[in-house]
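Encoded as structure tokens, the structure appears first; notes follow it.
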Amino acid sequence: MNKVRSIQKLNEQELKYLIQPSASWHADYKDSAYVAFGGLDRDLTESDILTIFSQFGSPVHVKLIRDKHTNESRGFGFLKYEDQRSTVLAVDNLCGAQILGRTLTVDHARYQDRNDGND
């Protein structure tokens, strides 16, 4: 929950002081179209995650982390958007959102899929 509060506080300060986009904390991640998410109900599937995150852009890849023995979701993962600007919208709007009674965490990420050498 501290991460959610930290992100919300940063966003509030940027609004209060009219911080320009180039000076925003989001600008540190301008080269990454990935977000990390956590706090999800373990029954949610990749399709559910795509539905949630597609409100803010076009997802092109989702990696839901699963238990290697049971293959059950661990409730967190990574998602890549087609357009990096969608990550800002997702972080600002989804971090702290309640989904199935759980608080979602969403933050920028520098993620490299082990199977994809292009990113």
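Every letter in the sequence shown is one number past the one before it in my numbering, and letter 78, counting from 1, is 95. Quick reminder that beta carbons are idealized off the backbone N, C-alpha and C, glycines included.
Secondary structure of residue i, DSSP reduced to three states
i, result
"Ala107", "helix"
"Lys26", "helix"
"His125", "strand"
"Arg102", "helix"
"Asp136", "Reliability of the predicted coordinates at Asp136 is poor, the pLDDT of 44 falling under 50, and no value is obtained from them."
"Asp58", "coil"
"Asp84", "coil"
Length of the line joining the Cα atoms of residue i and residue j
i, j, result
"Val77", "Thr120", "24 Å"
"Gln115", "Gln101", "24 Å"
"Gln72", "Ala50", "15 Å"
"Asp65", "Asn88", "17 Å"
"Leu117", "Val79", "20 Å"
"Leu7", "Ser90", "The first residue shown for the chain is 18 and the last is 136, placing residue 7 beyond what the model contains."
"Ser23", "His125", "13 Å"
"Tyr128", "Gly74", "18 Å"
"Phe95", "Lys26", "23 Å"
"His86", "Leu57", "20 Å"
"Lys47", "Glu63", "25 Å"
Beta-carbon spacing of residue i, residue j below 8 Å
i, j, result
"Arg82", "Phe93", "Correcting the residue identity first, residue 82 is Ile in this sequence and not Arg. Taking 8 Å as the Cβ cut-off, Ile82 and Phe93 qualify as a contacting pair."
One or two residues paired with residue i in a DSSP bridge
i, result
"Leu96", "Val52 and Val79"
"Arg91", "DSSP lists no partner for Arg91."
"Gln115", "Thr120"
Beta-carbon proximity list for residue i, same chain, < 6 Å, skipping 5 on both sides
i, result
"Gln123", "Looking at the sequence itself, residue 123 is Val, so the reference to Gln does not match. Taken in chain order, the residues that qualify are Val52, Phe54, Ala107, Val108, Leu111 and Cys112."
"Ser103", "Phe73 and Gly74"
Heavy atom of the ligand ATP within 7 Å of residue i beta-carbon
i, result
"Ala50", "Looking at this structure, you won't find the ligand ATP or any other ligand, since it has none at all."
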